[in-house]
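Going line by line, the protein sequences match chains V and Y. Count the first sequence with our numbering and you get residues 63 to 400, in order. Count the second sequence with our numbering and you get residues 50 to 384, in order. Shown next, in structure tokens, is the structure this report addresses.
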Amino acid sequence: MSAQALPVEVAAPPVMRVEGLTMHFPAGGGVGPFGTRRWIHAVDDVSFDLTPGRVTALVGESGSGKSTVVRCLARLYEPTAGTIMFHGEDVTHLKQRKELLQYRAQVQMIFQDPFGSLNPVKTVEHHIERPLKIHHIVPRNEIHRRVLDLLSSVGLSPAQEFAAKYPHQLSGGQRQRVAIARTLAVEPTVLLADEPISMLDVSIRIGILNLMHELKASRNIAFLYITHDIASARYIADDVLVMYAGQVVEQGPTDAVLQNPLHPYTRLLLSAVPNPEAGLTGRRIQGRGEVPVVIDPPEACRFTARCPNVMDRCRTAMPRLAEVEPGHLVRCYLYPNS
Amino acid sequence: MTNREPLLRVEDLVVDYYSPRGVVRAVDHISFDIMPGEIVGLAGESGCGKSTAANAILGILREPAQMTNGRIFFQGQDIASMPPRAHRKFRWRHISMVFQSAMNALNPVLRVGDQFVDMVQAHERVSKRDALDRARDLLRMVGIDPLRVSAYPHELSGGMRQRVIIAMALALQPELIIMDEPTTALDVVVQREILQEIEELQRELQFAVLFITHDLSLLVEFSNRIAIMYAGEIVEMARAQELFREPKHPYTVGLMNSFPSLVGPKSMITGIPGSPPDLANPPTGCRFSPRCPHCTPYKTMVHPVLQEIEPGHLVACHLYGAEQELTHERASTAS
Ligand SMILES: Nc1ncnc2c1ncn2[C@@H]1O[C@H](COP(=O)(O)OP(=O)(O)OP(=O)(O)O)[C@@H](O)[C@H]1O
Ligand SMILES: Nc1ncnc2c1ncn2[C@@H]1O[C@H](COP(=O)(O)OP(=O)(O)OP(=O)(O)O)[C@@H](O)[C@H]1O
Ligand code: SF4
Ligand SMILES: [Mg+2]
Ligand SMILES: [Mg+2]
Numbered sequence: 063m064s065a066q067a068l069p070v071e072v073a074a075p076p077v078m079r080v081e082g083l084t085m086h087f088p089a090g091g092g093v094g095p096f097g098t099r100r101w102i103h104a105v106d107d108v109s110f111d112l113t114p115g116r117v118t119a120l121v122g123e124s125g126s127g128k129s130t131v132v133r134c135l136a137r138l139y140e141p142t143a144g145t146i147m148f149h150g151e152d153v154t155h156l157k158q159r160k161e162l163l164q165y166r167a168q169v170q171m172i173f174q175d176p177f178g179s180l181n182p183v184k185t186v187e188h189h190i191e192r193p194l195k196i197h198h199i200v201p202r203n204e205i206h207r208r209v210l211d212l213l214s215s216v217g218l219s220p221a222q223e224f225a226a227k228y229p230h231q232l233s234g235g236q237r238q239r240v241a242i243a244r245t246l247a248v249e250p251t252v253l254l255a256d257e258p259i260s261m262l263d264v265s266i267r268i269g270i271l272n273l274m275h276e277l278k279a280s281r282n283i284a285f286l287y288i289t290h291d292i293a294s295a296r297y298i299a300d301d302v303l304v305m306y307a308g309q310v311v312e313q314g315p316t317d318a319v320l321q322n323p324l325h326p327y328t329r330l331l332l333s334a335v336p337n338p339e340a341g342l343t344g345r346r347i348q349g350r351g352e353v354p355v356v357i358d359p360p361e362a363c364r365f366t367a368r369c370p371n372v373m374d375r376c377r378t379a380m381p382r383l384a385e386v387e388p389g390h391l392v393r394c395y396l397y398p399n400s
Numbered sequence: 050m051t052n053r054e055p056l057l058r059v060e061d062l063v064v065d066y067y068s069p070r071g072v073v074r075a076v077d078h079i080s081f082d083i084m085p086g087e088i089v090g091l092a093g094e095s096g097c098g099k100s101t102a103a104n105a106i107l108g109i110l111r112e113p114a115q116m117t118n119g120r121i122f123f124q125g126q127d128i129a130s131m132p133p134r135a136h137r138k139f140r141w142r143h144i145s146m147v148f149q150s151a152m153n154a155l156n157p158v159l160r161v162g163d164q165f166v167d168m169v170q171a172h173e174r175v176s177k178r179d180a181l182d183r184a185r186d187l188l189r190m191v192g193i194d195p196l197r198v199s200a201y202p203h204e205l206s207g208g209m210r211q212r213v214i215i216a217m218a219l220a221l222q223p224e225l226i227i228m229d230e231p232t233t234a235l236d237v238v239v240q241r242e243i244l245q246e247i248e249e250l251q252r253e254l255q256f257a258v259l260f261i262t263h264d265l266s267l268l269v270e271f272s273n274r275i276a277i278m279y280a281g282e283i284v285e286m287a288r289a290q291e292l293f294r295e296p297k298h299p300y301t302v303g304l305m306n307s308f309p310s311l312v313g314p315k316s317m318i319t320g321i322p323g324s325p326p327d328l329a330n331p332p333t334g335c336r337f338s339p340r341c342p343h344c345t346p347y348k349t350m351v352h353p354v355l356q357e358i359e360p361g362h363l364v365a366c367h368l369y370g371a372e373q374e375l376t377h378e379r380a381s382t383a384s
């Protein structure tokens, strides 16, 4: 095993501040018993900062609200409540096309499916040129040079050769690199990566993680890394937020959260990760099901149905997210101040 | 394992796809066996031939795939040479399969219970009532409320649908269940619950499992022995813990080094450079040589064969054991 310590970064002020982000969707099946609309609470009261040169991971199971957070930050959705501050400006309710376009150039997304996001009949060069032209990043005569630089910076070399290829001539990992090069073209300050490796083959996943790690430092990008793979979050993230049923249940520096998980859900999640050292038999888990879809939730902890530590008060009131150690927040009545 | 007869023995299996681009040899002379009650894992990157091998064992290869070499013995009987109908009948009684993305394979307009009844009645003479009783028992075994026999698939979550599929695979009391990525689409917590259930059932009912996945860390936990496939070939096979502690083949080492860990010191990991070869035009000699940090130019010309380097530990790599010469077979397939 090749070992080389990952460098430690010094924190800068945040570029993006998310406060009380909330997104509700009307539930299907029309209106409820008293003629009221029913609502899916996809995201409730989520707050965090994104800082240049840092990776923040958002982890949680399917349906916990991760992608909805990302779509709100990319302003594909207008949040139901809360604020998104970008470079000190409130972008929560931006509506004008031009403003949104400008905003989205600086806050770019990387998607799960690198194939779906590329046009099969266009070359790699075409994909990377486009944003350079639309946003007038460099003079026309420098575009080709810049395309090659970008391809090299994501590890696609010889760049000249890759520039001429079509998406179907690339492997999954190479396609994801093209998608990343395209987002870098506009020199974004924030990158929102929604499960960027989950559709890639095991052997190439780590290369994309290493690339993200390198880019955050070399380009001082603030990364939001969405994943359900908590080990990969440990690998590249500085901070981690654990989501369950639309809420953050635990958040803090990655090492604090993963070495000393406090919330019963975080503990369940960690104990479920395959661990070749241990074997199945020695550490049975009691998970009892899946993340519920949250429709008009009662005042109660959303984890009660699956929680091994559930107490009476958990069923009658909602715990608050409270600081238990410096910078380490938990939403659970097992801890003071909740 | 004792020196009992193997339940399944795969001998020199070759499967070719006849595609417009030429012959794609998806499974290239693989051999292995599975003992009664044993869990054998099959791991490797996407496209290395895992599902194709499973389909060949079940005798359900479809055009343009063809089994062009090899024999498959089940309890000593050569099943691949049986006439198709006899093979099918034999298979239903002894082997079942959980297909890749099976979760979406349930019939959406049939209640869960009726799907059980249809399947059981297609192979055994039982009344609907008895078949439904069996369905309830099986659902209970995989952790689903027996009342759910009357549910439609869309009323169940992904994890519950996958449990139903596993229960159906158990319905005819097979001696071998082939599971192709049975939990890959599921969240880790649900995945672990289902694996625990399979393990418990397996201990109780003593069926053997061929478990296919690309997730090596999961396999190490779950199986007794593991075979690693690369570009159509088995390049290493060993007991799970031994493979984990002492992987020999550089590809296995690379795979092991592709997963960030949740424990231990944080260090940079490198994975495996490059990507798997095009099977329509594989590299000569060792297929892994273009990605291998160890192989010398001379050695890349020669095809290493799988050989036992320690008891029960098989490796196909020039770094271990005696030098290999090109066999006639290899020389002709490599051209
Ligand atoms: N546009 C929408 N309309 C209605 N409900 C939605 C919409 N988008 C998301 N939801 C619901 O909100 C919840 C959160 O979904 P989201 O896609 O954010 O989860 P996720 O954590 O990204 O899950 P996954 O890991 O499966 O991608 C789910 O219950 C989902 O069904
Ligand atoms: N119909 C086909 N025609 C030509 N080649 C095919 C066909 N189906 C599969 N192949 C090739 O056979 C090889 C083995 O495919 P197979 O589905 O067995 O791989 P796998 O190991 O199960 O992969 P995965 O992990 O993605 O499921 C692949 O390289 C694939 O390209
Ligand atoms: S608040 Fe209660 S139910 Fe919720 S996680 Fe904590 S102990 Fe469990
Ligand atoms: Mg999502
Ligand atoms: Mg497959």
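Note that CB positions come from ideal geometry on N, CA and C, so glycine has one too.
Would you tell me roughly how many angstroms separate the C-alpha atoms of residue i and residue j, rounded to the nearest one?
i: residue 393 (chain V); j: residue 370 (chain V); result: 15 Å
i: residue 342 (chain Y); j: residue 167 (chain V); result: 40 Å
i: residue 383 (chain Y); j: residue 74 (chain Y); result: Any reading at residue 383 (chain Y) needs caution, since the residue's pLDDT is 38, under 50, leaving its predicted position unreliable; the model's value is listed next. Rounded to the nearest angstrom, the two C-alpha atoms are 11 Å apart.
i: residue 325 (chain V); j: residue 312 (chain V); result: 6 Å
i: residue 234 (chain Y); j: residue 204 (chain V); result: 44 Å
i: residue 189 (chain Y); j: residue 182 (chain Y); result: 11 Å
i: residue 100 (chain Y); j: residue 316 (chain Y); result: 34 Å
i: residue 143 (chain V); j: residue 310 (chain V); result: 16 Å
i: residue 87 (chain Y); j: residue 275 (chain Y); result: 11 Å
i: residue 390 (chain V); j: residue 314 (chain V); result: 4 Å
i: residue 252 (chain V); j: residue 286 (chain V); result: 8 Å
i: residue 219 (chain Y); j: residue 187 (chain Y); result: 8 Å
Name the chain Y residues whose beta carbon is nearer than 9 Å to that of residue i?
i: residue 334 (chain V); result: 236, 237, 238, 239, 240, 241, 242
i: residue 237 (chain V); result: Here the premise fails: no neighbours, minimum Cβ distance about 11 Å.
i: residue 129 (chain V); result: Near residue 129 (chain V) there are no residues of chain Y at all, since even the closest Cβ is about 14 Å away, more than 9 Å.
Should residue i be counted as a contact of ligand 5 given a C-beta to heavy atom distance under 6 Å?
i: residue 164 (chain V); result: no
i: residue 177 (chain Y); result: no
i: residue 184 (chain V); result: no
i: residue 100 (chain Y); result: yes
Could you pull the start and end residues of the alpha helix (DSSP H) that residue i belongs to?
i: residue 190 (chain Y); result: 177–190
i: residue 224 (chain V); result: 221–225
i: residue 306 (chain V); result: Where residue 306 (chain V) is concerned, there is no enclosing alpha helix (DSSP H), although the beta strand (DSSP E) it sits in stretches over 301–306.
i: residue 165 (chain V); result: 159–168
i: residue 262 (chain Y); result: Note, residue 262 (chain Y): premise wrong, no alpha helix (DSSP H); beta strand (DSSP E) at 257–262.
How far does the beta strand (DSSP E) with residue i in it extend, from its first residue to its last?
i: residue 117 (chain Y); result: 114–123
i: residue 416 (chain V); result: In the structure displayed, chain V extends from 63 to 400; residue 416 (chain V) sits before or after that span and is not available.
i: residue 385 (chain V); result: 384–387
i: residue 67 (chain Y); result: 57–68
i: residue 287 (chain V); result: 284–289
i: residue 145 (chain V); result: 143–148
So which residues on chain Y does residue i lean against when the C-beta distance must stay under 8 Å?
i: residue 219 (chain V); result: Correct list: empty, because the minimum Cβ distance to chain Y is about 12 Å.
i: residue 290 (chain V); result: 236, 237
i: residue 215 (chain V); result: Per Cβ cutoff of 8 Å: no residues; residue 215 (chain V) is ~18 Å from chain Y at best.
i: residue 293 (chain V); result: 308, 309, 310, 311
Determine the chain V residues that contact residue i at a beta-carbon separation under 8 Å, and present them in chain order.
i: residue 264 (chain Y); result: 264, 336
i: residue 173 (chain Y); result: Going along chain V, no residue has its Cβ under 8 Å from residue 173 (chain Y), so there is no contact; the nearest lies around 32 Å.
i: residue 94 (chain Y); result: 263, 264, 265
Could you tell me if the beta carbon of residue i falls within a distance shorter than 6 Å of some heavy atom in ligand 4?
i: residue 195 (chain V); result: no
i: residue 128 (chain V); result: yes
Closer than 6 Å to a non-hydrogen atom of ligand 1 - does that hold for the CB of residue i?
i: residue 295 (chain V); result: no
i: residue 125 (chain V); result: yes
i: residue 87 (chain V); result: yes
Less than 6 Å between the CB of residue i and some heavy atom of ligand 3, yes or no?
i: residue 306 (chain V); result: no
i: residue 372 (chain V); result: yes
i: residue 395 (chain V); result: yes
i: residue 378 (chain V); result: no
Measuring only from the beta carbon, is residue i closer than 6 Å to any heavy atom that is part of ligand 2?
i: residue 304 (chain Y); result: no
i: residue 72 (chain Y); result: no
i: residue 95 (chain Y); result: yes
- Item | Residues in the stretch 253–283 of chain V having any Cβ partner in chain Y nearer than 8 Å | Residues of the stretch 253–283 of chain V with a C-beta atom less than 8 Å from some C-beta of chain Y are 263, 264, 265, 266, 267, 268, 269, 271, 272, listed in chain order.
- Message: What are the residues in the stretch 268–282 of chain Y lying within 8 Å of chain V by C-beta distance?
- Response: Among the residues of the stretch 268–282 of chain Y, those with a Cβ less than 8 Å away from any Cβ of chain V are 269, 270, 271, in the order of the chain.
- Message: Any C-beta of chain V within less than 7 Å: which residues of the stretch 312–330 of chain Y qualify?
- Response: Against chain V - using a Cβ distance shorter than 7 Å - the residues of the stretch 312–330 of chain Y are 315, 316, 317, 318, 319, 320, 321, 324.
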